[in-house]
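Residue numbers (the numbering used here): 17 to 641.
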């Protein structure tokens, strides 16, 4: 009853406020962005002093924090942030940025848990402030607003009276560097949008978002200055002014002014919209089935025969018929899923950010067993010889019995959290972490056998790449090598038993995306720029075979490549799949799936490949053999 009364009161206040004339409006709010808590020693001090400064200013009505509030989005940072924000004596509203999501050990679930939501809607003096979360959920993917946030934004905007002024806040600038900028713009233009606020670039700058006045705000970090700062934004009548505030020192003259008025479309301007024109160039490639999920798909899928399984950020496991895309069953976990499922003859193994590892019946999707790690998991399992191996975000690595989920052993003390799928041979398990480390763990005992440190810190880790164990032949003798690509651009081959580096190369300038020929003799590396490199690794050395230029400027996504004997499939940031000939002669065909990053490729056999993109699109392509 109290909640109902409170809701009625809020609505009533909103309506009263909305009815206020524009000439009567006069208020100021503080705007902080890119706090990057835990990035530099002074980041915490700059935030605390910003809050003290805001509290001491009687003109400030509330504060908005527009993302990148932490550096890595880990649990300790979020709890520290919560503790600091308790010092606000006035309302505040915050949204996550890419740093709060991209490398988050908990899949940003702790942000939602601690701060209740990744978006907000707040009415003040007749103006509606709408802020929505940012992505991507994929490591080093392009800027992307999650599918579920887009749907929420659309619902909120639709519920807003047509005449009510809206100020929209997101972490990213709303331009073509954001993969789904056009969705945001098209939604906002259905109502009385007056201004867009964002961060990400750390500088004060005004820009035009397809006719909508837009502003990028400075970082609160001091950098080379004695102290940090933020923006004070004042709405007086129909004028919105932006003043840079140097903490406890000075408020500088307005550096930008927006005059609130009905949006004037530029009649002589045609705004760019992405299209699917490239598909007409290769008409022999067709989509046999296609579906659209309601949330992001940030994990890679799995296929076994006619069964295709994928997961989404709503925490749902989807089992499809690979031939026609029809749903066989679904199962909903307790939180987001970033884990690629592993399919066995009887079970589907998958982990969730609710902390559980699930064994689901392959035919019906019912729970056969689950194991609680008491911490969010974003890592992917592997199953071999009746054993499940999986890392977690709590610095632990687990070995479980496939039959019933009971624990064999736990390996503790891994530096950084685990995201990728392990590689396994007869004696050891191999896994990289977002602590710049790569480990070999004994399969029987769970003891660490050897480790490798890139010595370049968290951003330069073998954390996203799935390692592989492959044979090589040298001087008539066959041995094995463990291969992993790190975000320091080096692909390395290790001796399985000792950890000795057999070879290492940064020639291809790849980050995490590898592919291997079906016979395991050739390795393909997707470079971060416009290139694909092939190398012979069959003799325990790195021997470059060819380098092919690609029709894009950059490609940071860590998605694994798929291969056949004739083709290597290249995932891209903006939804185009390229099939490159394995002889190095260039592109055989290209096909655009959606306007979002490709998160998964799975060979479905007989000239078919199943492709998933970040915006929830799942497609089966058929191509000429």
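Virtual Cβ for every residue (Gly too), placed ideally from N, Cα, C.
Whole angstroms are fine: how far does the CA of residue j sit from the CA of residue i?
i: residue 364; j: residue 594; result: 30 Å
i: residue 166; j: residue 610; result: 15 Å
i: residue 75; j: residue 144; result: 19 Å
i: residue 134; j: residue 639; result: 40 Å
i: residue 206; j: residue 38; result: 20 Å
i: residue 606; j: residue 329; result: 28 Å
i: residue 23; j: residue 234; result: Confidence at residue 23 is low in this model, with a pLDDT of 34, below 50, so its placement is unreliable and the value that follows should be read with caution. Cα to Cα, the separation comes out at about 35 Å.
i: residue 4; j: residue 436; result: With the chain running from 17 to 641 in the structure shown, residue 4 is simply not present.
i: residue 71; j: residue 43; result: 15 Å
i: residue 140; j: residue 188; result: 23 Å
i: residue 302; j: residue 583; result: 17 Å
i: residue 87; j: residue 344; result: 40 Å
i: residue 526; j: residue 56; result: 28 Å
i: residue 35; j: residue 177; result: With a pLDDT of only 48 at residue 35, under 50, the local geometry of the prediction cannot be trusted, and the value read off the model is given with reservation. When rounded, the distance between both Cα atoms is 11 Å.
i: residue 195; j: residue 493; result: 49 Å
i: residue 10; j: residue 627; result: Here the chain has residues from 17 to 641 only, and residue 10 is not among them.
i: residue 586; j: residue 563; result: 14 Å
Mind checking whether residue i and residue j have CB atoms under 8 Å apart?
i: residue 334; j: residue 630; result: no
i: residue 432; j: residue 500; result: no
i: residue 147; j: residue 136; result: yes
i: residue 263; j: residue 294; result: no
i: residue 540; j: residue 579; result: yes
i: residue 439; j: residue 155; result: no
i: residue 359; j: residue 384; result: no
i: residue 279; j: residue 190; result: no
i: residue 411; j: residue 495; result: no
i: residue 624; j: residue 641; result: no
i: residue 395; j: residue 434; result: yes
i: residue 212; j: residue 170; result: no
i: residue 77; j: residue 106; result: yes
i: residue 368; j: residue 331; result: yes
i: residue 529; j: residue 312; result: no
i: residue 58; j: residue 238; result: yes
i: residue 248; j: residue 524; result: no
i: residue 608; j: residue 571; result: no
Pick helix, strand or coil for residue i, following the three-state DSSP scheme.
i: residue 549; result: strand
i: residue 296; result: helix
i: residue 595; result: strand
i: residue 98; result: helix
i: residue 153; result: coil
i: residue 633; result: strand
i: residue 555; result: coil
i: residue 92; result: helix
i: residue 67; result: helix
i: residue 125; result: helix
i: residue 682; result: The structure shown does not extend to residue 682, since the chain is modelled only from 17 through 641, so no value can be given for it.
i: residue 59; result: helix
i: residue 224; result: strand
i: residue 423; result: strand
What residues in its chain sit with their C-beta under 6 Å from that of residue i, if we drop five residues either side in the sequence?
i: residue 236; result: 48, 51, 62, 66, 244, 246
i: residue 316; result: 356, 616
i: residue 451; result: 431, 432
i: residue 619; result: 578, 625
i: residue 228; result: 209, 212
Considering Cα atoms alone, identify which of the options is closest to residue i.
i: residue 79; options: 202, 185, 53, 57; result: 185
i: residue 459; options: 484, 420, 404, 124; result: 404
i: residue 423; options: 228, 567, 386; result: 386
i: residue 514; options: 380, 538, 462, 444; result: 444
i: residue 92; options: 549, 620, 121; result: 121
i: residue 382; options: 366, 260, 46; result: 366
i: residue 421; options: 374, 132, 267, 97; result: 374
i: residue 158; options: 560, 114, 98, 489; result: 114
i: residue 533; options: 336, 299, 110, 597; result: 597
i: residue 132; options: 489, 354, 551, 112; result: 112
i: residue 511; options: 216, 446, 351, 537; result: 446
i: residue 612; options: 305, 180, 290; result: 290
Please work out which residues of its chain come closer than 7 Å, Cβ to Cβ, to residue i, disregarding the five sequence neighbours upstream and downstream, and give them in chain order.
i: residue 476; result: 452, 470, 502, 503, 504
i: residue 226; result: 201, 287
i: residue 272; result: 222, 231, 258
i: residue 339; result: 322
i: residue 568; result: 546, 588
Residues in its own chain within less than 8 Å of residue i by CB, not counting five upstream and five downstream?
i: residue 252; result: 41, 42
i: residue 100; result: 53, 60, 63, 64, 67
i: residue 30; result: Only weak support exists for where residue 30 lies, its pLDDT of 44 falling under 50; the coordinates are left without a value.
i: residue 565; result: 546, 547
Tell me, please, whether the CB atom of residue i is closer than 8 Å to any CB atom in chain C?
i: residue 203; result: Protein chains in the displayed structure number just one, and chain C is not present.
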